[in-house]
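Report on one structure; see the data block that follows.
Protein chains: 2
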Amino acid sequence: MVPHLVTALTGPINELEQRVLDSMPAIERWFRLEWMEHTPPFYTSVDIRNAGFKLAPVDTNLYPGGWNNLTPEMLPLAVQSAMAAIEKICPEAKNLLVIPENTRSTFYLANLVQLQRIFHMAGLNVRIGSIDPEIKAPVTIDLPGGSQVTLEPIVRTKRRLGLKDFDPCTILLNNDLSAGIPGILEEIHEQYLLPPLHASWSVRRKSKHFKSYEEVSKRFGKMLGIDPWLIHPLFNMCGEVDFTARAGMECLTTNVDALLTRVRKKYKEYGINEKPFVVVKADNGTSGMGIMTVRDAREIAGLSDAAARRMAESKAGQPVSEVIIQEGVLTNERINDAVAEPVVYMMDRYVVGGFYRVHAERGIDENLNAPGSSFAPLAFAESTRLPQPGMKPGASAPNRFYMYGVIGRLAMLAASYELEATDPEAEVYD
Amino acid sequence: MVPHLVTALTGPINELEQRVLDSMPAIERWFRLEWMEHTPPFYTSVDIRNAGFKLAPVDTNLYPGGWNNLTPEMLPLAVQSAMAAIEKICPEAKNLLVIPENTRSTFYLANLVQLQRIFHMAGLNVRIGSIDPEIKAPVTIDLPGGSQVTLEPIVRTKRRLGLKDFDPCTILLNNDLSAGIPGILEEIHEQYLLPPLHASWSVRRKSKHFKSYEEVSKRFGKMLGIDPWLIHPLFNMCGEVDFTARAGMECLTTNVDALLTRVRKKYKEYGINEKPFVVVKADNGTSGMGIMTVRDAREIAGLSDAAARRMAESKAGQPVSEVIIQEGVLTNERINDAVAEPVVYMMDRYVVGGFYRVHAERGIDENLNAPGSSFAPLAFAESTRLPQPGMKPGASAPNRFYMYGVIGRLAMLAASYELEATDPEAEVYD
Numbered sequence: 140m141v142p143h144l145v146t147a148l149t150g151p152i153n154e155l156e157q158r159v160l161d162s163m164p165a166i167e168r169w170f171r172l173e174w175m176e177h178t179p180p181f182y183t184s185v186d187i188r189n190a191g192f193k194l195a196p197v198d199t200n201l202y203p204g205g206w207n208n209l210t211p212e213m214l215p216l217a218v219q220s221a222m223a224a225i226e227k228i229c230p231e232a233k234n235l236l237v238i239p240e241n242t243r244s245t246f247y248l249a250n251l252v253q254l255q256r257i258f259h260m261a262g263l264n265v266r267i268g269s270i271d272p273e274i275k276a277p278v279t280i281d282l283p284g285g286s287q288v289t290l291e292p293i294v295r296t297k298r299r300l301g302l303k304d305f306d307p308c309t310i311l312l313n314n315d316l317s318a319g320i321p322g323i324l325e326e327i328h329e330q331y332l333l334p335p336l337h338a339s340w341s342v343r344r345k346s347k348h349f350k351s352y353e354e355v356s357k358r359f360g361k362m363l364g365i366d367p368w369l370i371h372p373l374f375n376m377c378g379e380v381d382f383t384a385r386a387g388m389e390c391l392t393t394n395v396d397a398l399l400t401r402v403r404k405k406y407k408e409y410g411i412n413e414k415p416f417v418v419v420k421a422d423n424g425t426s427g428m429g430i431m432t433v434r435d436a437r438e439i440a441g442l443s444d445a446a447a448r449r450m451a452e453s454k455a456g457q458p459v460s461e462v463i464i465q466e467g468v469l470t471n472e473r474i475n476d477a478v479a480e481p482v483v484y485m486m487d488r489y490v491v492g493g494f495y496r497v498h499a500e501r502g503i504d505e506n507l508n509a510p511g512s513s514f515a516p517l518a519f520a521e522s523t524r525l526p527q528p529g530m531k532p533g534a535s536a537p538n539r540f541y542m543y544g545v546i547g548r549l550a551m552l553a554a555s556y557e558l559e560a561t562d563p564e565a566e567v568y569d
Numbered sequence: 140m141v142p143h144l145v146t147a148l149t150g151p152i153n154e155l156e157q158r159v160l161d162s163m164p165a166i167e168r169w170f171r172l173e174w175m176e177h178t179p180p181f182y183t184s185v186d187i188r189n190a191g192f193k194l195a196p197v198d199t200n201l202y203p204g205g206w207n208n209l210t211p212e213m214l215p216l217a218v219q220s221a222m223a224a225i226e227k228i229c230p231e232a233k234n235l236l237v238i239p240e241n242t243r244s245t246f247y248l249a250n251l252v253q254l255q256r257i258f259h260m261a262g263l264n265v266r267i268g269s270i271d272p273e274i275k276a277p278v279t280i281d282l283p284g285g286s287q288v289t290l291e292p293i294v295r296t297k298r299r300l301g302l303k304d305f306d307p308c309t310i311l312l313n314n315d316l317s318a319g320i321p322g323i324l325e326e327i328h329e330q331y332l333l334p335p336l337h338a339s340w341s342v343r344r345k346s347k348h349f350k351s352y353e354e355v356s357k358r359f360g361k362m363l364g365i366d367p368w369l370i371h372p373l374f375n376m377c378g379e380v381d382f383t384a385r386a387g388m389e390c391l392t393t394n395v396d397a398l399l400t401r402v403r404k405k406y407k408e409y410g411i412n413e414k415p416f417v418v419v420k421a422d423n424g425t426s427g428m429g430i431m432t433v434r435d436a437r438e439i440a441g442l443s444d445a446a447a448r449r450m451a452e453s454k455a456g457q458p459v460s461e462v463i464i465q466e467g468v469l470t471n472e473r474i475n476d477a478v479a480e481p482v483v484y485m486m487d488r489y490v491v492g493g494f495y496r497v498h499a500e501r502g503i504d505e506n507l508n509a510p511g512s513s514f515a516p517l518a519f520a521e522s523t524r525l526p527q528p529g530m531k532p533g534a535s536a537p538n539r540f541y542m543y544g545v546i547g548r549l550a551m552l553a554a555s556y557e558l559e560a561t562d563p564e565a566e567v568y569d
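From first to last, the protein sequence lines stand for chains W and L. The numbering used here runs 139 ahead of the 1-based position in the first sequence. The numbering used here runs 139 ahead of the 1-based position in the second sequence.
Right, dumping it as structure tokens:
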């Protein structure tokens, strides 16, 4: 089950959505059984695009920021989920250390305040230990709205990580380590460091995630009796691309063309009158950098120097070499005429809420995670809008957000598969 | 953590409440460790009275009705908790059978609709199987508000309980079996029957519950450094009372007097200028029947015939013989001038919501669970009212409902101890 939130898209529920809504008990049971075999990531956010004819995750974040964008009504769900997560990992825990991104953005710091609040209410003393070398002593920062956050320098001893006079049982990373794993975080064996370091963008690859998601969507599609393409974005990849030197452009052109052809075939099969497009992304990228939309393979050869430069570096200055070419999924959602995409937030195995990422200056086929985007919180739906067994027709309206919660959890399950497959400490039984 | 709900009592937070609020992480950790050792009841509701100087549970219901009185905002929490409960018991479950009370009260039936909705959203096919001998074929009843509920006759085979063409993994009792355990529910070994039969009022005794609660409140009081009396109602009991024949009245008089003396001493210790009172209840009773308020032991001898008759029978016509004499706890809560007491709802180990039981015609020292009572749902508190670490003084107001959630969970933990102690199938390691 997911919280019932009002979604922006008010058009009629389509066949796929109806199938998902009708299959709720079977879907929930399917997840229940999956979580018996697989461990959910500690927390996850998933960007989703709903094209009307298909619905798919486009990005799965294992170090979600933006918790401050959830409405207050979602807080108890987040806390309850945090309690469930902590119980499993370290029930005797008193102290939790959060390691944030190295930024002073007040939006990001408001996210930290919210995370601190969630875990405090779940029964932990929470302090924030920065790995930013500029934080040499505790710094307290006032935030808009009257709250405060204190960043403290992290203290590493031979065996443990903590703060001065603060020894945590669990360390929660809220930093995706795009710039690489700092030595201070390595060789921690006595404490729980979550998510594990191989979930960071210094190790993770989008293509591995979507390979896992492909597997998950096939199994889910089989259970539900639907074509997995309806929930899965097709993809290809190129391993050696250098946008500055224009190396690997043939690989890119060939793969973009091949993917566009596959998508075109699918559109024909379903009678969809839209122009297919693909999105080229850094395979190790995040935060919306190093991303471009391509509608024709010939655009690759004609790429401007400025566009090539933008693609050449992703977050934290990491050079792009491996790229993923992903089927573009249109977003049909609008808030006040601005293009929007839902973002679903999960803690442990539970959906705790969501919001819309809105961008007034971007198109329905463009990435919205870019400067100028804003966030529209999702409200809880009125009780009369909840789907309800035994209700008279018309007395209950379907809830589109349920479906977003299902897709979000499928992507989270894929991340669980992905982390199992890439775990450097996994035991191999060959 | 408990949902932050607005409480009716707006007076200043007293010392006890402040201590509880300040100790949130320690309290949550304490519960976390308790639940590692003890299994929470499947679902629980607890009536709480807040006298200002003390705060205590007065009734712990292991077959809670009234789920329909929770606001829609609490539904996701209830569903998430139901998911956690089901995962532990029978993760592969597809079907859940609910056994209701034998009543056609539309209020009660609305409760069934809500329970059905909660477990449906948690991923189960839910049907309602009545043990009422009058239900011989499926009956669909229209409820105010447009919803419907279908009651079906229960079908017992040699080994299993179900409906025609419906074989559940888990059977959820929502009937407290005050009238005794029917044979049809006995000898079920292949399916989960929850709560277990020894949680029903045909076996349960209030005195055993409050004995367990005394133990829990002592341990909790020690952890928090408070006098357990501040959260615990004192009690005595009489084993052989026959109100019709006026037998056992001396025992009652003596114990009422002794208890009033103990309470008076406590009031003196704390400088409380209230008149102590005790409540005499059927030890196996429920639903507010067989209850009287006594302010002076001499009232027992002078009991009118009508009052004696009312005491002589509790719910479902069970004769009262054992009685519990419990310290009365005033309620200081008011909604529109009517006396009110908070009722806290829990599923598995989680507080999912609450409401006020309100009675315009009852006093602050009287039982409110009586004809004429109504229910006032509790709203979620505004985010600015949440207690928050790192907030500037004045920017955050304390939340009284947190404390009610703590007391509710202490009573639930006591019920867990009680059920362990009374389990007929428990293994004894002597």
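From the three backbone atoms N, C-alpha and C, an ideal C-beta is built for every residue, glycine too.
Helix, strand or coil: which one does DSSP assign to residue i?
i      : result
L/K420 : strand
L/L507 : coil
W/Q465 : strand
W/S269 : strand
L/S513 : strand
W/P215 : helix
L/E156 : helix
W/E291 : strand
W/P394 : Position check: residue 394 of chain W holds Asn in this sequence, whereas Pro was assumed. Correct three-state label for W/N394: helix.
L/F305 : strand
W/I430 : strand
L/L373 : coil
L/D444 : helix
W/I187 : strand
Between which residues of its own chain and residue i is the CB-CB distance below 6 Å, once the five residues before and five after are set aside?
i      : result
L/S341 : L316, G319, I320
W/E156 : M542
W/L333 : F181, L311
L/V252 : S286, V288
For residue i, which residues of its own chain have a beta-carbon under 7 Å away from its beta-carbon, when the five flanking residues on both sides are left out?
i      : result
L/L507 : V478, E480, R496, H498, R501
W/P283 : T245
W/A249 : N207, L282
Counting only the same chain and skipping the five closest in sequence on each side, list residues whose C-beta sits under 8 Å from that of residue i.
i      : result
W/K233 : L263, N264, C308
W/S269 : I238, P239, N241, L290, E291, P292, I293
W/V159 : I166, L363, Y541, M542, V545
W/E379 : A386, G387, C390, S460, E461
Residue i: buried (16+ other C-beta within 10 angstroms of its C-beta) or exposed?
i      : result
W/G467 : buried
L/P164 : buried
W/P510 : exposed
L/H371 : buried
L/G441 : exposed
W/L172 : exposed
W/N412 : exposed
W/D476 : exposed
L/S443 : exposed
Please list the partners that residue i has in chain W, where partner means a Cβ-to-Cβ separation under 7 Å.
i      : result
L/A436 : Neighbours of L/A436 on chain W: none; closest Cβ ~44 Å, over 7 Å.
L/P335 : In chain order: nothing, as chain W lies at least about 23 Å away.
L/A223 : A223
Just to make sure I have the definition right: I need the residues of chain W whose C-beta is within less than 9 Å of the C-beta of residue i. Which are they?
i      : result
L/P230 : R168, R171, L172, W174, M175
L/P239 : Here the premise fails: no neighbours, minimum Cβ distance about 14 Å.
L/H498 : Per Cβ cutoff of 9 Å: no residues; L/H498 is ~26 Å from chain W at best.
Against residue i, what residues of chain L qualify as contacts under a CB-to-CB distance less than 9 Å, listed in chain order?
i      : result
W/G262 : M140, M163, P164, A165, I166, E167, R168, W169, F170, R171
W/K233 : P164, A165, R168
With residue i and residue j assumed to form a contact (beta carbons below 8 Å), what rounded beta-carbon distance in angstroms separates them?
i      : j      : result
W/N313 : W/V419 : Actually they are not in contact, since the Cβ atoms of W/N313 and W/V419 sit about 28 Å apart, beyond 8 Å.
Along chain L, which residues have their Cβ under 8 Å away from the Cβ of residue i?
i      : result
W/Q219 : M140, L216, Q219, S220, Y489
Whose Cβ in chain L lies nearer than 7 Å to the Cβ of residue i?
i      : result
W/E226 : R171
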